[in-house]
Amino acid sequence: MKKKLLCLALACFCAASALAAEKIKVGFITTLSGPGGVLGVAIRDGFNLALEHTGGKLGGLPAEVIIEDDQQKPDVAKQLADKLVKRDKVDFGTGIVFQNLLQAAQSSFLGAETFYVSPNTGPSDLAGANCNPYFFAVSWVSDSYSEASGKNMQDKGYKNVFVIAPNYPGGKDVVNGFKRYYKGAYAGEVYTKLGQLDYAVEISQIRAAKADAVFFFLPGGMGVNFLKQWHQAGMGVPLFGTGWSFDQDTLAAVGEPTLGALNAAHWNLDLDNAANKKFVADFEKKYGRLPNEYASQGYDAAMLIDAAVRDVKGKVEDKAALRRALEAANFKSTRGAFRFNKNHFPVQNYYLRQVVKDDKGRFVNKTVATIFTDHPDAYVAACKM
Amino acid sequence: MSEILLETRALRKRYGGLVATDSVSLAVHRGECHALIGPNGAGKSTLIAQLAGALVPDAGSIHFAGQNITGFSAHRRAALGFARSFQITSLLPNFTVLENLALAVQSVSGSSFRFWRAVNDETELFERAREILRSVGLEDVATRPVGSLGHGEHRQLELALALATRPQLLLLDEPMAGIGPEESERMVALIAGLKGRYTLLLVEHDMDAVFRLADRVSVLLAGRVIATGTAAEIRANGEVRRAYLGEEENA
Amino acid sequence: MSWPLFAEQCLNGLQFGLMLFLLAAGLTLIFGIMDLINLAHGSLYMLGAYLVASLAQATGSFALGLALGVAATAAIGMALEIAVLRGLYRRDHLSQVLATFALIMIANETTRALWGVQPLVLNVPAALSGSVQLFAGIRYPAFRLLIIAVGLAVALALYFLVARTRLGMLVRAGASNREMAMVMGTDIRWLFTAVFGVGAGLCALAGAMLGPLLAVQVGMGENILILAFVTVVIGGIGSIRGAFVGALLIGIVDTFGRAFIPTGLRALLSPAVADVAGPSLASISIYLLMVGVLFWKPQGLFPARG
Amino acid sequence: MNHLRRHGWLLATLAVALSLPQLAALCGQDFYVSFASRLLIWALLASSLNLLVGMGGMVSLGHAAYFGAGAYVVGILSVEAPGWSSALLVWPLAVALSALLAVVIGAVCLRTRGVYFIMITLAFAQMLFYIFTSLTPYGGDDGLSLAKRLTLPGLAMAGDATFYYVVLAIFAACLTALGRLQASRFGRVLAGIKDNEERMESLGYATFRFKLVAYIIAGALAGLAGALMANQNAFVSPNMMSWNESGIALVMVILGGLGSLWGGLAGAAAFLVLEEVLTGFTTHWQIVLGLILLAVVFFAPRGIAGLFAKQP
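What follows is the structure, encoded as structure tokens:
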């Protein structure tokens, strides 16, 4: 078997040396299998659409994107990151969906001084004390959506809110972001098992607690379960969530039960700018479905890399120049105006969205208000960069 | 009369409403060959399971060599010198005959919590195992896997395994079950050769063998011992004849 | 805690338990009779949910989708039994684990290839959406009441099937003594295929009943599979009655664990400790229950074999 | 002749294993050095499980609990006692604590047998998984990143090649020990228990104790594998104890060959290399892998080791 490995290594070596032409290599690790695969696919599709728009090039140079499936397993993500950095010697890393996978893989990229552009997860430590010159996020900090939700609910005058989130640090972080802006009382605060199926118990508790509104953060399948069950319970209490629970793929899958729900996000289908209009129209044309924020982030990640490579005229070996180019973020984002803070996280608007039926009978988010304008994250002060 | 080695006092076991053994009191003296007979369903298997430690009695007690062993596990009984052979052949099928024996010898020669030295280097284990194989007439098949042996040889190996643990008492659970007349004869001779050296508790269907081998016989019927005595006494016992032997003779 | 909330939580426990029972019933039959550890049971559940969702969408009727989906899944189950699983009955548990683990991989990936990664829509029929006023102060979702009803009906039907019919007699014989079932003359292979079909059908029924409550997506099977196994093991392998009692026990313990442990601990411990310990303890209550049961009764509550 | 051939294989394997970093460097493919380290660590985990399943007949579907526990000893110590940077201190501690955990869990689990044993081991692993998932101070579901690898005197552990040799040495030592164990008195008793536990009881063996000791050794070795994996990845997370990982370890054992000394290595190598190769071809690689595993069950029931063994 060792021999097999050796052959494998030799084969790869030959392949690698044969393709030494001038081009930009991107290592794209994402979750394509398992329940989390729906997010990875969205990001990948967004990224690929951007490449189509740039004619398969990044900054004018031919792009080679190596797409790998991390199976939503941290050790696999770590392994793949190692492979992309050491074997394929990529110029950029991107693609990872989940925070725990990025935690595992980040040292492989950042330790080797390879730029990593996060198209999704934005851990607060990387925005604060552990900010890194090689790390950029085109998305948000993990508690930004809940900050916006908290602000919105505070502004709307809710006084007694019930909060529900999964029992893991990510869940607690999100709730802390919420608490930063919502200052009223809490009718209850429940942390559920990660991957919980049935929320009847919690919904009964919410009914009994007589809260005037509910804020929930339940990513992925948990959120789908919760929404379906919430709908059937016939609750009259207003339900608020983060954009992650109301992305376009979820709306299409859950349908009716999402109608009317309010949620906060930094992007929406209906944002009125040229880049977004083109993105939404072409995405639907290419993939036959409406894009979601994950896809927009994938698209933006590619466009950011494209702009930075163009700005350094393809000289990606000059890391200092490349970093300045990335920081300048000289591209047209789907969310409109885009700029990085000094911690390499965006300063951006957050919107209140509501699920409505569009004229074709599809469930979509409609932007109803702007909650934050040019909002920086809460951690930037701790970043010494 | 000599010392009592194994004794049960009012042993009782029920399954739901069914009484399998009901107040069984039995005494096996050191050095004797004591046979236990009884028709099917008399409660022999249940009694054996309790003696061997596979079943816990509902009431009563079991004493061995002066110790109350009622609550002892099977391996503790074995360690005290109470060995059994199984009615249904119960061997280690993936081992050779010699390895089976060596493993049995190993259980009584020092700790088995040794992790480094290869067993195959411990020649004394295998010498002792060969010795026992010779004594039961199995030395020719020593290196064969157990799975390839005939039924009669399995029964002999069963006996050998029990002997290898240096027992004081041998509980022989139907050693003649399912073997032909010729092998049966060999087995009787083998057991006769053990008499005097070991205390034997023989549970057997083959009446001929029982009356040839046993010093004393106990008869179990419907979960009770209805008679105990020498072969002649049992033959003469009217109750036994009615309940059991008559039925056998007719059959 | 107020009386209506308590009553509602009891209903929740009952409903969650019956939901598990739907899956565990088929699993315990297959486990007990064929002595087959079928890790792919969850895949049949997923397949059932996907088929019911697709067919309900295609026909526009939940009931029609349900009927067709259950029949299709039962047929697929039987085909699977004949093609693959039949060869595993006489193998050891390890080979079964490996083979059915492989089936999970194949089923998940095939489903993804056929239906895509996006979850499927399967919603409650309009007539059953919303909630019902049960009695003073208690409203309960109509669809969950349906789950309770279906769960009880399946339990009754299985009880009848097992206790009163010839098939049931064979099944009982098979669960407690395989050799006996073998010599009873009936073609045992046919019996096994039939039982597997019933098990697969129950999976699809569970998928249809749970689809409107849970996300219909790839991987949904593994999430619930472990709970179903826990149910079967607590109840005693091969025992329908055990699966029923085990499922209700799990439903109640899990529900009350989640409802009371966190608040209860807050009264006993400092808030900081309680906030960490409470939800964690609630998450593992089912497993603690299982360990407790197996500690006292290593063969489960109702061992089918003597 | 046979003897010679066996040694030939062993020497060839050893030669390739020893020269792997040089070969990789020659090709400019350093990546495969860390791939090999990872493979050896999985092989150690699978070998420890093989002691339990293949030699002792105890099928555990919760073995990843110890893998994770060993890793978390390294992870938690890096937070609580950053000064303890020597592997000579931390690894033995990881082994000891995993063993301790195995004492407690094993004492409960070994009351049951067969399928019940499978499920109760799974239950314990699930409990640990959920506890570590919610353990906020140590990263919970996000896991814990380690600043750097532990140190060994005189070795630059940060280098992948050095680390690979350390893992190789440990794996070789463990495999040797397992080989000795298999042939020892203890190994014989364990094999006897696997064959016929009741008979072993009646021969005077306290089978529970033997099974427990085997369970503890297996847990300790899995803990060691976990500690190594934590250093390899500079990261630990509850995912390491998920039932899926336990399942994969079990698949590796069966794939490699139950009860065969080399089974763990063969299984880990086959599984990881297959995964590595197949993912390159199609995103639906799991279908192919599933079909291959099915084929193994039906056509090579004794695993890879069975293919090399003499035909009976």
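Chains as they are written, first to last, in our numbering: chain F, 1 to 385; chain Z, 1001 to 1251; chain S, 2001 to 2306; chain U, 3001 to 3312.
Note that CB positions come from ideal geometry on N, CA and C, so glycine has one too.
Q. Where does CYS3202 (chain U) land, buried or exposed, given buried means 16+ other C-beta within 10 angstroms?
A. Mapped onto the fourth sequence, residue 3202 (chain U) falls at position 202. The question names Cys, but residue 3202 (chain U) is Ser in the sequence shown. SER3202 (chain U) comes out buried.
(Q) Just to confirm the assignment, what range does the alpha helix (DSSP H) spanning LEU3168 (chain U) have? (A) Here residue 3168 (chain U) corresponds to residue number 168 of the fourth sequence, with the count starting at 1. Element bounds for LEU3168 (chain U): 3160-3183.
**Q.** Member of U:PHE3281, U:LEU3289, U:LEU3258, U:GLY3154 whose CA lies at the smallest distance from the CA of LEU3052 (chain U)
**A.** Translated into positions along the fourth sequence, residue 3052 (chain U) becomes position 52. Ranking the options by Cα distance to LEU3052 (chain U), first place goes to U:LEU3258.
Q: Please report how far the alpha carbon of SER2129 (chain S) lies from the alpha carbon of PRO2141 (chain S), in whole angstroms.
A: Sequence index remark: in the third sequence, residue 2129 (chain S) carries index 129 (1-based). Sequence index remark: in the third sequence, residue 2141 (chain S) carries index 141 (1-based). Looking at the two C-alpha atoms, the distance is approximately 7 Å.
Q. Taking any Cβ of chain Z, which residues in the segment 3167-3182 of chain U have a Cβ under 7 Å from it, in chain order?
A. ARG3180, LEU3181
(Q) Which residues of the segment 2116-2137 of chain S have a Cβ closer than 8 Å to any Cβ of chain F? Give them in chain order. (A) VAL2117, GLN2118, PRO2119, LEU2120, VAL2121, ASN2123, VAL2124, SER2129, GLY2130, SER2131
**Q.** Per-residue contacts from VAL3053 (chain U) into chain Z (C-beta, under 7 Å)
**A.** As a first step, residue 3053 (chain U) must be located in the fourth sequence, where it is residue number 53. Correct list: empty, because the minimum Cβ distance to chain Z is about 15 Å.
Q) Among U:CYS3174, U:TYR3205, U:PHE3281, U:VAL3074, which one has its Cα closest to the Cα of MET3229 (chain U)? A) The residue you call residue 3229 (chain U) lines up with position 229 of the fourth sequence. It is U:VAL3074.
Q) When the Cβ atoms of the segment 3259-3275 of chain U are set against those of the segment 89-106 of chain F, are three or more pairs found closer than 8 Å? A) no
Q: State yes or no: is the beta carbon of HIS375 (chain F) nearer than 9 Å to at least one beta carbon in chain S?
A: Counted from its first residue, the first sequence places residue 375 (chain F) at position 375. Answer no: the Cβ-Cβ gap between HIS375 (chain F) and chain S never drops below 9 Å.
Q) Is PHE1086 (chain Z) closer than 9 Å to GLU1158 (chain Z) when the C-beta atoms are compared? A) Counting from 1 along the second sequence, the entry for residue 1158 (chain Z) is found at position 158. Counting from 1 along the second sequence, the entry for residue 1086 (chain Z) is found at position 86. For GLU1158 (chain Z) and PHE1086 (chain Z), yes; Cβs fall inside 9 Å.
Q: Identify which residue in Z:GLY1147, Z:ASP1140, Z:HIS1063, Z:ALA1189 has its Cα closest to the Cα of ARG1009 (chain Z).
A: Here residue 1009 (chain Z) refers to the residue found at position 9 of the second sequence. It is Z:HIS1063 whose Cα lies nearest to the Cα of ARG1009 (chain Z).
Q: Give the residues from the segment 2002-2031 of chain S that approach chain F closer than 9 Å (Cβ to any Cβ), ordered along the chain.
A: SER2002, PRO2004, LEU2005, GLU2008, GLN2009, LEU2011, ASN2012, GLY2013, GLN2015, PHE2016, MET2019
Q: With DSSP collapsed to three states, give me the class of GLY1060 (chain Z).
A: Counted from its first residue, the second sequence places residue 1060 (chain Z) at position 60. Three-state result, GLY1060 (chain Z): strand.
Q | Assigned exposure category for MET385 (chain F) - 16 Cβ within 10 Å defines buried | A | Taking the first residue of the first sequence as position 1, residue 385 (chain F) is located at position 385. By the neighbour-count rule (16 or more Cβ atoms within 10 Å), MET385 (chain F) is not buried but exposed.
Q. What's the call for ARG353 (chain F), buried or exposed, on a 16-neighbour Cβ count within 10 Å?
A. For the purposes of this step, residue 353 (chain F) is taken as residue 353 along the first sequence, with counting starting at 1. Classification of ARG353 (chain F): buried, given that the 10 Å Cβ count is 16 or more.
Q: Using a cut-off of 9 Å between C-beta atoms, extract the partners of TYR3130 (chain U) located in chain F.
A: Translated into positions along the fourth sequence, residue 3130 (chain U) becomes position 130. By Cβ distance, chain F contributes ASN167, LYS193, LEU194.
Q) LEU58 (chain F) bridges to which residues according to DSSP? A) Taking the first sequence and counting its residues from 1, one reaches residue 58 (chain F) at position 58. Per DSSP, F:LEU61.
Q.
Rounding to the nearest angstrom, what Cα-Cα distance links ALA21 (chain F) and ILE66 (chain F) in this structure?
A. On the first sequence, residue 21 (chain F) is found 21 positions in, with the first residue counted as 1. On the first sequence, residue 66 (chain F) is found 66 positions in, with the first residue counted as 1. Per-residue confidence for ALA21 (chain F) stands at a pLDDT of 43, beneath the threshold of 50, marking its modelled position as unreliable; no derived number is given.
Q: Closer than 7 Å by beta-carbon distance: list the chain U residues that pair up with LEU1159 (chain Z), in chain order.
A: If you number the second sequence from 1, residue 1159 (chain Z) lands on position 159. Those do not exist, as LEU1159 (chain Z) stays about 13 Å from chain U at its closest Cβ, beyond 7 Å.
Q.
Using a Cβ-Cβ distance cut-off of 9 Å, determine whether ILE3076 (chain U) contacts chain S.
A. Residue mapping note: residue 3076 (chain U) aligns to position 76 of the fourth sequence, counting from 1. It does not: the Cβ of ILE3076 (chain U) has no partner Cβ on chain S nearer than 9 Å.
Q: Could you please give the first and the last residue of the uninterrupted beta strand (DSSP E) stretch that includes ASN365 (chain F)?
A: Numbered from its first residue, the first sequence carries residue 365 (chain F) at position 365. Where ASN365 (chain F) is concerned, the enclosing beta strand (DSSP E) stretches over 363-375.
Q. Does the count of Cβ pairs from the segment 2093-2106 of chain S and the segment 2031-2042 of chain S closer than 8 Å reach three?
A. yes
Q: Consider the Cβ of HIS2093 (chain S): report whether some Cβ of chain U lies at a distance smaller than 9 Å.
A: Taking the third sequence and counting its residues from 1, one reaches residue 2093 (chain S) at position 93. By this cut-off, HIS2093 (chain S) is an interface position.
Q. Can you name the residues that DSSP bridges to PRO166 (chain F)?
A. Position 166 of the first sequence, counted from the start, is the residue given in the question as residue 166 (chain F). Answer is F:THR192.
Q: Step through the CB atoms of chain Z and report whether any lies within less than 9 Å of the CB of TYR3116 (chain U).
A: Position 116 of the fourth sequence, counted from the first residue, corresponds to residue 3116 (chain U). False, the Cβ-Cβ gap to chain Z never drops below 9 Å.
Q: State the Cα-Cα distance for the pair VAL3314 (chain U) and GLN3232 (chain U), rounded to the nearest angstrom.
A: There is no way to answer for residue 3314 (chain U), as the model of chain U reaches only from 3001 to 3312.
Q: Could you name the residues of chain S that ASN225 (chain F) contacts, counting a contact when the two beta carbons are closer than 9 Å?
A: Within the first sequence, residue 225 (chain F) is the residue found at index 225, counting from 1. Residues of chain S passing the Cβ test: LEU2213, LEU2214, ALA2215.
Q | Pairwise C-alpha distance: GLY27 (chain F) and PRO119 (chain F) | A | As a first step, residue 119 (chain F) is located in the first sequence; it is residue number 119 there, counting from the start. As a first step, residue 27 (chain F) is located in the first sequence; it is residue number 27 there, counting from the start. Answer to the nearest angstrom: the Cα atoms are 13 Å apart.
Q: With a cut-off of 8 Å on the beta carbons, I'd call LEU3274 (chain U) and ALA3043 (chain U) a contact; round off their distance for me.
A: Numbered from 1 along the fourth sequence, position 274 holds the residue referred to as residue 3274 (chain U). Numbered from 1 along the fourth sequence, position 43 holds the residue referred to as residue 3043 (chain U). Contact doesn't hold; Cβ gap of about 14 Å is too wide.
Q. If we ignore side chains and look at the alpha-carbon of each, how far apart do TYR2050 (chain S) and ALA2126 (chain S) end up?
A. The residue given as residue 2050 (chain S) occupies position 50 in the third sequence. The residue given as residue 2126 (chain S) occupies position 126 in the third sequence. Whole-angstrom Cα-Cα distance: 20 Å.
**Q.** 9 Å Cβ cutoff met for VAL2198 (chain S) and PHE2031 (chain S)
**A.** Mapped onto the third sequence, residue 2198 (chain S) falls at position 198. Mapped onto the third sequence, residue 2031 (chain S) falls at position 31. No, Cβ-Cβ distance for VAL2198 (chain S) and PHE2031 (chain S) is not below 9 Å.
Q: Would you verify that the beta carbon of ALA1164 (chain Z) is, or is not, closer than 9 Å to some beta carbon of chain U?
A: As a first step, residue 1164 (chain Z) is located in the second sequence; it is residue number 164 there, counting from the start. Judged by the 9 Å Cβ criterion, ALA1164 (chain Z) is in contact with chain U.
**Q.** Three-state class that DSSP yields for GLN2133 (chain S) in the structure shown
**A.** Within the third sequence, numbered from 1, the residue matching residue 2133 (chain S) stands at position 133. Correct three-state label for GLN2133 (chain S): strand.
Q. SER3184 (chain U) versus chain Z: which residues are under 7 Å apart at the beta carbon?
A. To locate residue 3184 (chain U), count along the fourth sequence from 1; it is residue 184. Ordered by position in chain Z, the residues that pass the 7 Å Cβ test against SER3184 (chain U) are ARG1114, PHE1115, TRP1116, ARG1117, ALA1118, VAL1119.
Q. Can you give the Cα-Cα distance for ALA9 (chain F) and PHE3235 (chain U), rounded to whole angstroms?
A. Start at 1 with the first residue of the first sequence, and residue 9 (chain F) comes out as number 9. Start at 1 with the first residue of the fourth sequence, and residue 3235 (chain U) comes out as number 235. Caution is warranted here: a pLDDT of 47 is assigned to ALA9 (chain F), below 50, making its placement in the model unreliable, and no coordinate value can be reported.
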